[in-house]
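Student: Numbering (my numbering), first residue to last: 7 to 230. C-beta: ideal position from N, C-alpha, C; glycine also.
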């Protein structure tokens, strides 16, 4: 049986579905979709940054949602957080955007157990702190080269209402931007809080490891 080619919706259609101009790209891998994956780019990235992974992972019958972070940067690209360690961090617009996407998916008949967050670097950080603050579990979180900034606040937010979310942590041992130790600490934190968490490290730098694509695909498919 021939496989359906990925279908990229136009910006106008994507934005109209979610009633938000930050939803720049939606990609369908199949004639229908059974699950949704929200792909969150890293710092200075945009909605196009995560498009290659939709092709590399090859999860069938999936709606990939590729939003653009709401905070523009002065140099280039966009950020999920605004501010600094000194002045404090703002991210409510990012939370609101994820709320809107997930609510829209639920309105279209997708339970939260069929919604996944996949984030790289800062996008992974957003995925983890967002899920810990919500009173529902998701199909899973895939954190690639991510970190948790405020562990104390994270501990207070995480509850039995969201700790059923499976966690896949991926990190490169040669990452000089976000050291691999961050994912080791995050893995320990998740396990202490009762989340089903697994950690896989690869001999790579600060990027999405190509060798992790099968791991990510199986993580998603095994939870459907």
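Would you give the residue range spanned by the alpha helix (DSSP H) that residue 60 belongs to?
Tutor: That run of the alpha helix (DSSP H) goes 57–63.
Student: Can you tell me the Cβ-Cβ gap for residue 64 and residue 229, rounded? I've got them flagged as a contact below 8 Å.
Tutor: Wrong, their Cβ atoms sit about 17 Å apart, outside the cutoff.
Student: Taking the alpha carbon of residue 52 as the reference point, which residue from 59, 84, 32 has its own alpha carbon closest?
Tutor: Among 59, 84, 32, the Cα nearest to that of residue 52 is on 84.
Student: For residue 186, name the three-state secondary structure that DSSP assigns.
Tutor: In this structure, residue 186 counts as coil in the three-state DSSP scheme.
Student: Let me know the secondary structure DSSP gives residue 204 once reduced to three states.
Tutor: Of the three classes helix, strand and coil, the one that applies to residue 204 here is strand, per DSSP.
Student: Compare the beta carbon distance of residue 146 and residue 225 with 8 Å and say whether it is the shorter of the two.
Tutor: Yes, Cβ-Cβ distance for residue 146 and residue 225 is below 8 Å.
Student: DSSP three-state label for residue 192, please.
Tutor: If DSSP states are grouped into helix, strand and coil, residue 192 belongs with the helices.
Student: Taking its Cβ as the centre, do 16 or more other Cβ atoms sit within 10 Å of residue 115, making it buried, or is it exposed?
Tutor: Exposed, by the Cβ-count rule.
Student: Would you give the residue range spanned by the alpha helix (DSSP H) that residue 132 belongs to?
Tutor: Per DSSP, residue 132 belongs to the alpha helix (DSSP H) from 128–138.
Student: What distance in whole Å lies between the Cβ atoms of residue 32 and residue 23, which are believed to be in contact at a cut-off of 8 Å?
Tutor: Contact holds; Cβ gap of about 7 Å.
Student: Hey, how far is the Cα of residue 81 from the Cα of residue 62?
Tutor: Cα-Cα distance, rounded: 29 Å.
Student: Would you report the Cα separation of residue 190 and residue 178, rounded to the nearest angstrom?
Tutor: Distance between the alpha carbons of residue 190 and residue 178 is about 11 Å.
Student: With DSSP as the reference, label residue 221 as helix, strand or coil.
Tutor: Of the three classes helix, strand and coil, the one that applies to residue 221 here is helix, per DSSP.
Student: For residue 219, which residues from the same chain have a beta carbon less than 7 Å from its beta carbon, with the 5 sequence-adjacent residues on both sides left out?
Tutor: Contacts found: 62, 63.
Student: Tell me the DSSP secondary structure of residue 211 in three-state form.
Tutor: Three-state result, residue 211: coil.
Student: Please report the distance separating the alpha-carbon of residue 137 from that of residue 110.
Tutor: Roughly 17 Å between the two C-alpha positions.
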